[in-house]
Structure formats: structure tokens, C-alpha cells
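**Q** Below you'll find the structure I mean.
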Amino acid sequence: MEQYAIKGGSPLVGEVEIGGAKNAALAILAASIMTDETVMIENMPDVRDTNVLLQAISSIGGIVERVDRHTVKINGSQIHDVVIEGDYIKKIRASYYLLGALLGKYKKAEVALPGGCNIGSRPIDQHIKGFKALGASVKIAHGLIIAEAEALRGNHIYMDVVTVGATINVMMAAVMAEGLTIIENAAKEPHVVDLANFLNSMGANIKGAGTDVIRIRGVSKLHRTEYTIIPDQIEAGTFMFAAAVTKGDITVKNVIPKHLESISAKLLEIGCEVEESDDAVRVVASRKLTHTHVKTLPYPGFPTDMQPQIAVALGLSGGTSIVTESIFENRFKYVDELTRMGASIKVEGNTAIIDGVDKYTGAGITAPDLRAGAALVLAGLAAEGFTTIDEIRYIERGYEDFPQKLNNLGAQIEIVDTDKALQKFKLRIG
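In my numbering, the protein residues as written are 7 to 436.
Right, dumping it as C-alpha cells:
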């Protein structure tokens, strides 16, 4: 079983290039099958989730050509099946984006119920409500969500809760529906805007993405395009916090600083220096961090996907901090692992009360999900001694070349798959 072996205690210093946004890529890859012409997508992250989705697109007859590691051409003209099932697709949450894409294009879709990280219930009721409002019938049978319609017609849809997944899915289904669709209380995340820009580049008519009201005027068909995915806000934020927890100095390149404002604000609050330029952010942690309170909220609030990373930093900060999780109810599973490393954290419901400690110490720990796994890597890099992290497959779902990028900043981290390899790493690093 592969694991990360980490020797902590070195400040991370240098520059790191951020890849394409995983969450934007998943929506855009799904939407690329909605035309019969060839679509070229650049800056695609080469991570497990995107590779699984490309496999799903191939399985139904989509033509997928990897131009290079981060560029893919997709042609949906040969799609012969609207049923997507199989154990591999259940492993990713974003499998359900194929529902909106297939329903929008073919008026029928059957997709296995999604999986992904177990960070709490992520109901699909708002997706179903949106599809029904457009005129589809939706049922769940044999582990599949089955949606079909004679025709899709625009409608006024109010989302009961702000949900990125449902906003994206309904937007795709509505793009070729007859008439006008208005989505109210829509999610405003950067990847919602990126998908809208991508669909518009294919000939869709979407206005208002990035606000809470999105208007979609249906078109009869979509055409070819070439499109570059936005940088990954969460990968960028993770490296920004890597500077904070290791007392380092990291310049995060190829980013959109506007997308990182809530993260930068909290880093400033706890005592880091943050410098922004056009497409880079530098974070320097030269003094003892201080406590703060943070609550996760939909964009432009503090992202739930950055909650474990800030908790790791606050665990090493002076005083008592409070972290409130308002998006997912099961997002504190990493706390037990962090406690093994010497953290002092008490969880009450959706709140973690963190008393800062002077240091973490290395331990054998397990990644419970994608973002918590990345946060535990940061804890290992800050800790005294050696740390091993199991279940790194979670981390590989969303971070490309994570160990290599960290090593380039001066980290000591390696993938090992046997006890012998682990001992070799320990002997070599000393």
C-alpha cells in the first residue's frame, strides 16, 4: 500500500506553479460532450478524478484524445449510450455532471449515484428539482439516477440552498432547452463562472454567472471551441497555508488573486505577510502565528475545501481559535489524526475549538478524505521527526504531483510502498 513518508521541520521556500482547477475541469469535461464538434481543453489537471471522468466519456462512445498531459480533445458525435455505470465512476462525486450534459443533449441520461469523499451528506434533491422544473422525469432505480424528457423547456428555478453541483447541472441541462431559464440563489464559485464561459464559447447564451441569478436562453446546438481552464483556487490555498505552517516563504504562481481573497485575508489575520501581483501571491510566515475565528461559507466566503488546512495552521498558533463548518457536517474526521501529532482540538457539533500548541510531532496517520489528507501532509511537514500518511489515493484525486511540488520547495516527502522503502527513506534523510 502506497503511503507518504515525510520528515518535517524544514521551512518551505520558493515558487510553485498551480495547475488547472479540478472542480472546473470536471464540469467542463462533462459539458464538452454536448456538441458533435471537437472541443479542445487546455490546462486540465492530470489527477485521478479527471482521468476517471475521461474514462466514463470514452465508455459511452466519446472520442478522447490526450494531446499532452494537460491538453485533451473531446468529440461527442459518436456517443451511443446514455448509461454510465461501473465501479470506477462511483468513486468520484462529479459523475453526476454527466446527467446534466446528457439530459441537455439527448434528453435522457442514466448515471450511477455518485461517490467521492465521505465528508457528509451531499443530497441531490436540488439537481432533481431543477431537472423536473425543465420538464424531465427523474427516478432512482438500481443505483442509477434516471432522467428523461420528451423536450426540455426553460423555467424559473429557485435553489433552496446554495449548491455548486446543482447550479452546474441545471445550467448544462438548460443550455439547449426551449426558451428562458432563470436560476435564482445560484452558486457563485469561480468554477461555476468558468463553466458558463466555456459553454458561451461553444455558442450558449448564459448571463449572470458569478451572481446569484443566472439567465440562460436556450440555443438549438453548440459548436467547437478551444478553452483554457482557470487555476485551482484550492491547490493555491493549500500551498499558501504550507508557507504558514512551516514558517516558510512561498510564491504561488499562475493564480487569480481575486479567487483567493478570503484565504489571503485569514493568513493576514493570523500574522502572515501576503503580497499579491497580477497572477501570483507570495506568503511569508516569519513570526509566531496568532489565533482567529473562521466560518466556512459559499463563495466569496472562506471555502469549506480549505477548512482542514487552516485548522492545521491554527493548531500551531498562539491562543484559542474557533473553526465553524457550515457546509458539510462530517468534515472534522482529520482531528483524531492531528491529535496523534500533538494538536489540542475539541469538536462540538459543527465547531472545532483549537488551543494552539508549540509543535506537532511525527506519527503514523491516515488521510480520511482529499482536503484533510492534504492538510495532514502540511502537518507532517511542520512536525518534528517522521510522519507516514496512509490512503494517499484520496489526495491524488485532486492534487497533481503533490510530493514533487513540495520537494521543489525544500520538503522531504516521498511515496513509499514497503517497510523496506520507508526504512531506506529514514536512513537517507537521517
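For glycine and all other residues, C-beta sits at the position ideal for the given N, C-alpha and C.
Measuring straight from C-alpha to C-alpha, what distance separates N413 and I419?
**A** If you take the alpha carbons of N413 and I419, they lie about 6 Å apart.
**Q** Thinking just about the alpha-carbon of each residue, which of D375, V89 and M347 is nearest to the one in G362?
**A** When each option's Cα is compared against that of G362, the closest is M347.
**Q** What is the residue span of the alpha helix (DSSP H) that G171 lies within?
**A** Looking at the DSSP string, the run of the alpha helix (DSSP H) that includes G171 is V170 to A180.
**Q** Kindly indicate which three-state DSSP category L60 falls into: helix, strand or coil?
**A** L60 falls in the helix class under three-state DSSP.
**Q** Just to confirm, are G379 and E390 a CB contact at a threshold of 8 Å?
**A** Not in contact: G379 and E390 (Cβ atoms no closer than 8 Å).
**Q** By the DSSP assignment, the beta strand (DSSP E) with K301 in it spans what residues?
**A** K301 -> beta strand (DSSP E) spans H299 to K301.
**Q** Roughly how many angstroms separate the alpha carbons of I95 and H197, rounded to a whole number?
**A** Using only the alpha carbons, I get a separation of about 21 Å.
**Q** Do you know whose CA, among K426, V45, A427 and D423, lies nearest T231's CA?
**A** Ranking the options by Cα distance to T231, first place goes to V45.
**Q** Does I146 pass the burial test, meaning 16 or more other C-beta atoms within 10 Å, or should it be called exposed?
**A** Exposed, since its Cβ has fewer than 16 Cβ neighbours within 10 Å.
**Q** When the Cα atoms are used, what is the spatial distance from K194 to D200?
**A** Looking at the two C-alpha atoms, the distance is approximately 10 Å.
**Q** Between the stretch 293 to 309 and the stretch 266 to 278, are three or more C-beta pairs nearer than 8 Å?
**A** Taking 8 Å as the limit for Cβ pairs, the verdict is that the stretch 266 to 278 does touch the stretch 293 to 309.
**Q** Have a look at G171, I262, E275 and Y103 and flag the residue whose alpha-carbon is nearest the alpha-carbon of F296.
**A** Correcting the residue identity first, residue 296 is Thr in this sequence and not Phe. Of G171, I262, E275 and Y103, the residue nearest in Cα terms is E275.
**Q** Answer yes or no: do L59 and A115 have a C-beta to C-beta separation smaller than 8 Å?
**A** Their beta carbons are not under 8 Å apart, which means L59 does not touch A115 by this criterion.
**Q** Please identify the residue among L322, S323, Y340 and I316 whose C-alpha is closest to the C-alpha of V329.
**A** The shortest Cα separation from V329 among L322, S323, Y340 and I316 belongs to I316.
**Q** Rounding to the nearest angstrom, what Cα-Cα distance links V73 and E184 in this structure?
**A** Each residue's alpha carbon lies about 35 Å from the other.
**Q** From which residue to which residue does the alpha helix (DSSP H) around I392 run?
**A** With the sequence shown as reference, residue 392 is identified as Phe, and Ile is not the correct amino acid for it. Segment F392 to D396 is the beta strand (DSSP E) holding F392; no alpha helix (DSSP H) there.
**Q** Using 8 Å as the cut-off, can you tell me whether the stretch 239 to 252 makes contact with the stretch 207 to 220, which would need three or more C-beta pairs spanning the two stretches below that distance?
**A** As far as the Cβ criterion goes, the stretch 239 to 252 does not touch the stretch 207 to 220, which means the pair count is below three.
**Q** Excluding the 5 residues preceding and the 5 following E281 in the sequence, name in chain order all residues of the same chain whose CB lies nearer than 6 Å to its CB.
**A** These residues qualify, in order along the chain: R288.
**Q** Is the stretch 167 to 175 touching the stretch 139 to 159, taking contact as three or more C-beta pairs under 8 Å?
**A** Too few Cβ pairs lie closer than 8 Å, so no.
**Q** Leaving out five residues on either side along the sequence, give the residues of the same chain with a beta carbon under 7 Å from the beta carbon of L32.
**A** Here the set comprises D55, T56, L59, A100 and Y103.
**Q** Applying the 10 Å Cβ sphere with the 16-neighbour rule, what's the burial state of A369?
**A** Result: buried.
**Q** What did DSSP end up calling R221 once you bin it into helix, strand or coil?
**A** Strand.
**Q** Taking only runs of the alpha helix (DSSP H) that begin and end inside the stretch 243 to 320, which ones reach a length of at least 4 residues, in chain order?
**A** Listed in chain order, the complete alpha helix (DSSP H) runs (minimum 4 residues) inside the stretch 243 to 320 are 267 to 275 and 313 to 320.
**Q** Buried or exposed, going by whether 16 or more other CB atoms sit within 10 Å of the CB of L105?
**A** Label assigned to L105: buried.
**Q** At a cut of 8 Å, does the stretch 242 to 254 reach the stretch 15 to 22 through at least three beta carbon pairs?
**A** Cβ pair count under 8 Å is three or more, so yes.
**Q** Restricting to runs no shorter than 4 residues, where is the alpha helix (DSSP H) found entirely within the stretch 58 to 124?
**A** With a minimum length of 4 residues, the continuous alpha helix (DSSP H) runs that stay inside the stretch 58 to 124 are 93 to 96 and 103 to 112.
**Q** As a quick exercise: from K411, D375 and Q410, pick the residue whose alpha carbon is nearest that of I395.
**A** Checking every option, the nearest Cα to that of I395 belongs to D375.
**Q** With 16 as the cutoff for other CB atoms within 10 Å, does T393 come out buried or exposed?
**A** By the neighbour-count rule (16 or more Cβ atoms within 10 Å), T393 is buried.
**Q** If you scan the stretch 17 to 46 from start to end, which runs of the beta strand (DSSP E) of 3 or more residues do you find wholly inside it?
**A** Within the stretch 17 to 46, the complete beta strand (DSSP E) runs of at least 3 residues are 19 to 23.
**Q** For the alpha helix (DSSP H) that contains H197, what are its first and last residues?
**A** First-last of the alpha helix (DSSP H) with H197: P196 to S207.
**Q** Could you tell me the alpha carbon to alpha carbon distance between K272 and K113, rounded to whole angstroms?
**A** Their backbone Cα atoms lie some 45 Å apart in a straight line.
**Q** Who are the near neighbours of R159 in its chain, counting only those whose CB is closer than 8 Å to its CB and skipping five residues on each side?
**A** Contacts found: L140, G141, A183, E184 and G185.
**Q** Going by the CB atoms, is the gap between H86 and G26 shorter than 8 Å?
**A** Result no, Cβ atoms of G26 and H86 do not sit closer than 8 Å.
**Q** Once you ignore the five residues that flank K259 on each side, which residues in its own chain have a CB closer than 8 Å to its CB?
**A** Only E21, V22, E23, I24, D285 and A286 meet the Cβ criterion.
**Q** Under the rule that 16 or more other beta-carbon atoms within 10 Å means buried, what is H133, buried or exposed?
**A** Flag for H133 reads buried.
**Q** Quick one: what does DSSP say L140 is sitting in, helix, strand or coil?
**A** In the structure shown, L140 sits in coil (DSSP, three-state: anything other than H, G, I, E or B).
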